[in-house]
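Chemist: Shown below is the structure under consideration.
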Amino acid sequence: MTYETTLPASVLFCLPFAPTPHGARLARVAAGGQLAAWGLPPGREAHDAAVLVVSELAANAVRHGSCDGQSLELRLLLLPDPAVLRVEVSDARGGTVPVAVPPGPVPVHTAGSAEDGAESGRGLLLVDALATRWGWAPGPGAGKTVWAELDLPVNA
-9 MTYETTLPAS
1 VLFCLPFAPT
11 PHGARLARVA
21 AGGQLAAWGL
31 PPGREAHDAA
41 VLVVSELAAN
51 AVRHGSCDGQ
61 SLELRLLLLP
71 DPAVLRVEVS
81 DARGGTVPVA
91 VPPGPVPVHT
101 AGSAEDGAES
111 GRGLLLVDAL
121 ATRWGWAPGP
131 GAGKTVWAEL
141 DLPVNA
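Numbering (the working numbering), first residue to last: -9 to 146.
Written out as structure tokens, the structure reads:
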């Protein structure tokens, strides 16, 4: 699917959010609004995929990366050539490293894993499916930043 938009030069959106489920929800809503302001409207595949990626990364940061009530941070970077959206979520806890585990049999059963029909545990699998590439980097400080990049289809 392609759409027409006038992408601005490299632009950055940055938002600190509370390490709570409500904070993650606000990050998702703010990201959706910012994407629309950049010409990526709701209902388009690129917008909806990006909002879902933000939602999953923010929820993971709340669940696994919050530390002593320190705020988390969402950053969106829009690069025009080639058209790429980079989503970054930073937290204060660096010891928990994100890994996408594919579904299937696991040698050791863990309660709440994606394989046992739980309602959680699939977030990074969704990120892996929707993003062109994703990963993590140490910092800022003792924390880590999990990032995902989505190639954006744009008509010439």
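By construction, the Cβ of each residue, glycine as well, lies at the ideal position given by its N, Cα and C atoms.
This one's a predicted model, so the numbers in the text were calculated from it and none came from an experiment.
1. What does Pro6 pair with, by DSSP beta-bridge criteria?
2. Tell me the DSSP secondary structure of Leu30 in three-state form.
3. Going by beta carbon distance, what residues of the same chain come within less than 6 Å of Cys4, once the five residues before and after it are set aside?
4. Ordered along the chain, which non-local residues of its own chain (more than five positions away) have a Cβ less than 7 Å from that of Thr100?
5. List the endpoints of the continuous alpha helix (DSSP H) containing Ala49.
6. Leaving out five residues on either side along the sequence, give the residues of the same chain with a beta carbon under 7 Å from the beta carbon of Ala138.
7. Hey, Leu142 and Ala36 are a contact pair by Cβ (cut 8 Å); roughly how many whole angstroms apart?
8. Just verifying my parser: in three-state terms, what is the DSSP assignment at Gly125?
9. Exposed or buried, Gly94, counting other C-beta atoms within 10 Å across all chains shown (16 or more means buried)?
Modeler: According to the data block:
1. In the sequence shown, residue 6 corresponds to position 16, counting from 1. Per DSSP, the beta bridge partners of Pro6 are Glu63.
2. Along the sequence shown, one-based indexing puts residue 30 at 40. In this structure, Leu30 counts as coil in the three-state DSSP scheme.
3. Taking the first residue of the sequence shown as position 1, residue 4 is located at position 14. Cβ within range, chain order: Arg65.
4. Translated into positions along the sequence shown, residue 100 becomes position 110. Legend: pLDDT at Thr100 = 35, less than 50; position of this residue unreliable, no value from coordinates given.
5. What you label residue 49 is simply residue 59 of the sequence shown in a count that begins at 1. It spans 35 to 50 - the alpha helix (DSSP H) in which Ala49 sits, taken as one unbroken run.
6. Against the sequence shown, residue 138 aligns to sequence position 148. Answer for Ala138: Val43, Leu47, Val77, Val117, Ala121, Trp124, listed in chain order.
7. The residue you call residue 142 lines up with position 152 of the sequence shown. The residue you call residue 36 lines up with position 46 of the sequence shown. Taking C-beta atoms under 8 Å as the contact rule, Leu142 and Ala36 qualify, at a distance of about 5 Å.
8. Reading the sequence shown from its first residue, position 135 is the one you call residue 125. Assignment of Gly125 by DSSP, reduced to helix, strand and coil, places it in the strand class.
9. Here residue 94 is taken as the residue at index 104 of the sequence shown, counted from 1. Because Gly94 carries a pLDDT of 44, less than 50, the predicted location of this residue cannot be relied on, and the following value inherits that uncertainty. Under the 10 Å beta carbon count, Gly94 is surrounded by fewer than 16 other beta carbons and is classified as exposed.
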